[in-house]
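The structure appears below as structure tokens.
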């Protein structure tokens, strides 16, 4: 008889610990590992930055299928099947950081790009900086998503990109392959 209160206490304690662990896991997983870099604009004007804190449009672009142009070794490949041929390209994905020079080419197919994805494989790749100040053919760009394959920091990524559009939001995620 003396063991019943002890067993009931252990059962409640175990349940409480499990609930605590599950609630902490839910709290840390709310942002899906996507972190936003606060604006680091070079412009001197006092134009308001993007005040829409909703990430729904970003998640729609990053997680769903959309017409995409893939860039690697300064070569462009349009993704998808032939059904995408008449649709505007909404996503531009760089598989390396050495191909940013294609943005300076007069190419009308980037006018509708809303999301630019950049895969950064090593710390040395951050030396190939992205300068969007003089790029005029990304009129609809709203989001830049940087996927780091190493432990990168927000301060490293702030020095990696130069832009002057207050409506562009920058997100990053650390994805270390196993």
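Residue numbers (our numbering): 761 to 938.
We put the CB at the ideal spot given by N, CA and C, even for glycine.
Computed from a prediction, not measured in an experiment: that's the story for all the values here.
So residue i packs on residue j, CB below 8 angstroms; how close in whole Å?
| i | j | result |
| --- | --- | --- |
| residue 877 | residue 853 | 4 angstroms |
| residue 795 | residue 931 | 7 angstroms |
| residue 832 | residue 859 | 7 angstroms |
Which residues in the same chain as residue i place their Cβ atom closer than 6 angstroms to its Cβ, once the five residues preceding and following it in sequence are excluded?
| i | result |
| --- | --- |
| residue 921 | 890 |
| residue 933 | 793, 794 and 907 |
Taking DSSP as the reference, what is the three-state secondary structure of residue i?
| i | result |
| --- | --- |
| residue 766 | helix |
| residue 799 | coil |
| residue 804 | Any reading at residue 804 needs caution, since the residue's pLDDT is 46, under 50, leaving its predicted position unreliable; the model's value is listed next. It is coil, neither helix nor strand. |
| residue 831 | strand |
| residue 772 | helix |
| residue 895 | coil |
Quick one: is residue i buried, meaning 16 or more other Cβ sit within 10 Å of its Cβ, or exposed?
| i | result |
| --- | --- |
| residue 863 | buried |
| residue 902 | buried |
| residue 766 | exposed |
Please report the residue range of the alpha helix (DSSP H) in which residue i lies.
| i | result |
| --- | --- |
| residue 823 | 816 to 823 |
| residue 854 | Segment 851 to 854 is the beta strand (DSSP E) holding residue 854; no alpha helix (DSSP H) there. |
| residue 918 | 914 to 920 |
Is there a C-beta anywhere in chain D that falls below 7 angstroms from the one on residue i?
| i | result |
| --- | --- |
| residue 771 | The structure shown contains no chain D, having only a single protein chain. |
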